[in-house]
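Participant: Each position in the sequence shown, counted from 1, maps to that position plus 160 in the numbering used here.
Each residue gets a CB set at the ideal place from its N, CA and C atoms; glycine is no exception.
Here the structure is a predicted model, which is why all the values come from computation and not from measurement.
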Amino acid sequence: MPAVIVVGTQWGDEGKGKIVDYCSKHADFVIRYQGGTNAGHTIVLGEKVFKLRLVPSGVFYGNRVLIGSGVVIDPEVLLKEIDDLTSNGVDVSLVVSGKAHVILPYHPILDGSWEKTRGKGEIDTTKRGIGPTYTDKIARRGIRVFDLVNKTYEERVRWNVRLANRILQYVLQVGHKLDVKEILQQCSNWSDRLLGYVGNVSEVINSALQEKQNVLFEGAQATFLDIDHGTYPYVTSSNPIAGGACVGAGVGPTRIDKVLGVCKAYTTRVGKGPFPTELDDDVGFHLRETGREFGTVTGRPRRCGWLDLNMIRYASMINGLTSLALTKLDVLNGLEHLKICVGYRWRGLDTTSLPIHDMGSCEPIYIELEGWETLLHGDKLCSEAKAYIAKIEEETGLSVDYISTGPKRVDTICRRSVW
Ligand code: GDP
Ligand code: IMO
Ligand code: MG
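(1) Three or more C-beta pairs closer than 8 Å, one from the stretch 293-309 and one from the stretch 349-362: is that the case here?
(2) For His-267, does the count of other Cβ atoms within 10 angstroms reach 16, so buried, or fall short, so exposed?
(3) For the pair the stretch 189-208 and the stretch 217-226, tell me if three or more CB-CB distances fall below 8 Å.
(4) Assuming Ile-472 and Val-502 make a contact with CB atoms under 8 Å, what is their CB distance in whole Å?
(5) Return yes when the C-beta of Asp-490 is under 7 Å from any heavy atom of the ligand GDP, and no when it is not.
(6) So Val-237 and Thr-285 are in contact, right, with Cβ under 8 Å, and what is the actual spacing, rounded?
(7) Can you determine whether any heavy atom of the ligand IMO sits closer than 7 Å to the C-beta of Trp-171, and answer yes or no?
(8) Where does Leu-580 fall in DSSP's three states?
(9) Only counting runs of 4 or more residues, tell me where the alpha helix (DSSP H) segments fall wholly within the stretch 219-250, in order along the chain.
(10) Is the beta carbon of Arg-304 sitting closer than 8 Å to the one on Lys-341?
(11) Can you give me the Cβ contacts of Asn-366 inside the same chain, cut-off strictly under 8 Å, excluding the 5 residues immediately before and after it?
(12) Out of curiosity, what's the CA-to-CA distance linking Trp-506 and Asp-441?
(13) Measuring CA to CA, which of Leu-270, Ile-269, Arg-213 and Thr-512 is closest to Ile-242?
(14) Would you identify the three-state DSSP class for Phe-435, choosing helix, strand or coil?
(15) Consult DSSP for His-446 and reduce its assignment to one of helix, strand or coil.
(16) Is any non-hydrogen atom of the ligand IMO found closer than 7 Å to the C-beta of Arg-288, if you look at the structure I gave you?
(17) Can you grab the Cα-Cα spacing for the pair Val-166 / Asp-388, in whole Å?
(18) By the three-class DSSP mapping on this structure, what secondary structure does Asp-296 have?
(19) Report, in whole angstroms, the separation of the C-beta atoms of Ser-184 and His-201, which I expect to be a contact under 8 Å.
(20) Could you check whether the stretch 423-442 touches the stretch 402-409, counting it as contact only if at least three pairs of C-beta atoms, one from each stretch, sit closer than 8 Å?
(21) Which one or two residues does DSSP pair with Ala-485 in a beta bridge?
(22) Between the alpha carbons of Thr-295 and Leu-264, how many angstroms are there, rounded?
(23) Do you know offhand how far Val-232's Cα is from Gln-194's?
(24) In the DSSP assignment, what residue or residues form a beta bridge with Gly-503?
(25) Is any non-hydrogen atom of the ligand GDP found closer than 7 Å to the C-beta of Val-204, if you look at the structure I gave you?
(26) Starting from Ala-163, trace the beta strand (DSSP E) in both directions and tell me its first and last residue.
(27) I need the straight-line Cα distance from Asn-374 to Ala-368, nearest angstrom please.
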């Protein structure tokens, strides 16, 4: 019966894909509500590894999956993803919102070119055109899926390409010239293929909720990459937080029952921006190598550091978290001592709150806990890992309902189901 939002509590790549897949077993509908092809959600099924960028991670349990209006869609990537899943024997029952905006070939070019002009101040985006597509959406000149399938895009695409060419030539001064004919041809190719997937997503979700079915809302990116509440300007251009699920799926806040925060047992970040608990030593190296912390979309090495509970408390407040899924606990295997950040020293003050506008000036205050060699004894967690989890629960006031001890479905301990 519940509507459950799954949201990242850190800087992304917490293992949301794995947790959404796991929880989807008992879901009827799974919907992605924001972000775009900047996301990379990994699901490991036996020997197969799927890295989803747009199709919701609930697709493997045969659920109805939906892409809401808050998502920006690169049709080329979406159609290829559907083809790849289908050729792997996965039944894709997908509905895409006509209100979702489309990433067109000029968006990634603009993304990369804007980044270049920022020089050292670059955000280090995924260069998938996310920022420029959301910019067009807010500026009310974007192309929506509706426009593609109804073939009402030509005039606006021509106008946008003219504008993009001027920006590239005169503002960014890069020698790229876009060919409008080629882009229009691509739009026409996508139009027919997308037609079969377009539907009224908010109506589908709201009637599912009315009929008391289980709906999972899958967030991409995470709280600290949120355009409003993250480490601006080092953020993405959408609202990954739980509030974004209502906007991006088209459901009212009164419909939501639970918000599950996905929290990695340590912290990672890919791209620029402040990171108080970042480690530039052997432990950081251990986390990166053991946790295979290299970007799912871009292959970039992720920055690694200790778990920061000030961040999780902030994420709890901003998202209204009701519980946590703790992932990648196994990656801490073999570390003799573990540190957890429980507060900051900020401008001479000790604080357990988070000055998001000045996170770069925060020095972590750590407590130290005993590490472990082997996380699991049979199917039981070792006492040191239990103490690590208990500390997280004590400091955040949240219960850790799921514990992930490896990438596969079987490597999951469910203490209390969200359903
Ligand atoms: P997402 O973007 O939040 O869905 O996370 P990603 O898929 O980008 O990154 C998480 C990575 O960690 C993927 O390679 C997962 O297969 C892997 N993973 C997820 N949970 C665990 C876990 O508990 N232990 C280990 N070792 N790997 C995990
Ligand atoms: P998932 O859903 C980690 C980061 C980029 C960059 C910033 C802005 O897999 O957790 P963008 O291309 O969105 O304009 O880049 O946000 N970023 C992510 N980092 N996981 C992600 O998604 C990310 N999506 C964007 O690295 O710093
Ligand atoms: Mg990812």
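Facilitator: Judging by the given coordinates:
(1) Yes, the stretch 293-309 is in contact with the stretch 349-362.
(2) That one is buried.
(3) Taking a cut-off of 8 Å for Cβ pairs, the stretch 189-208 and the stretch 217-226 touch, as three or more such pairs fall below it.
(4) The beta-carbon separation of Ile-472 and Val-502, rounded to 10 Å, does not stay under the 8 Å limit for a contact.
(5) Yes, the Cβ of Asp-490 comes within 7 Å of a heavy atom of the ligand GDP.
(6) Separation of the CB atoms of Val-237 and Thr-285 is rounded to 16 Å, and the pair is thereby denied contact status at 8 Å.
(7) Yes.
(8) No statement about residue 580 is possible, as the shown extent of the chain runs from 161 to 579 and does not include it.
(9) Every alpha helix (DSSP H) of 4 residues or more that sits fully in the stretch 219-250 is shown, in chain order, as 235-247.
(10) Between Arg-304 and Lys-341, the CB-CB gap reaches or exceeds 8 Å.
(11) Closer than 8 Å at the Cβ level, and outside the excluded window around Asn-366, lie Gly-410, Val-411 and Arg-415.
(12) Cα to Cα, Trp-506 sits roughly 23 Å from Asp-441.
(13) When each option's Cα is compared against that of Ile-242, the closest is Arg-213.
(14) Reduced to three states, the DSSP call for Phe-435 is coil.
(15) In the three-state DSSP reduction, His-446 falls in the helix class (H, G or I).
(16) Answer for Arg-288: yes, Cβ within range of the ligand IMO.
(17) C-alpha of Val-166 to C-alpha of Asp-388: approximately 19 Å in a straight line.
(18) The answer is helix: DSSP assigns Asp-296 an H, G or I state.
(19) With 8 Å as the limit, Ser-184 and His-201 do not qualify as a contact, their Cβ atoms being about 12 Å apart.
(20) Flag = no, the stretch 423-442 and the stretch 402-409 do not touch.
(21) DSSP, once it has assigned bridges, lists Val-422 and Tyr-562 as partnering Ala-485.
(22) Spanning the alpha carbons of Thr-295 and Leu-264 requires a straight line of approximately 13 Å.
(23) Their backbone Cα atoms lie some 7 Å apart in a straight line.
(24) Per the DSSP secondary-structure output, Gly-503 pairs in a beta bridge with Ile-525.
(25) Because some heavy atom of the ligand GDP lies under 7 Å away, the Cβ of Val-204 counts as near it: yes.
(26) Per DSSP, the continuous beta strand (DSSP E) segment holding Ala-163 begins and ends at 163-168.
(27) Each residue's alpha carbon lies about 8 Å from the other.
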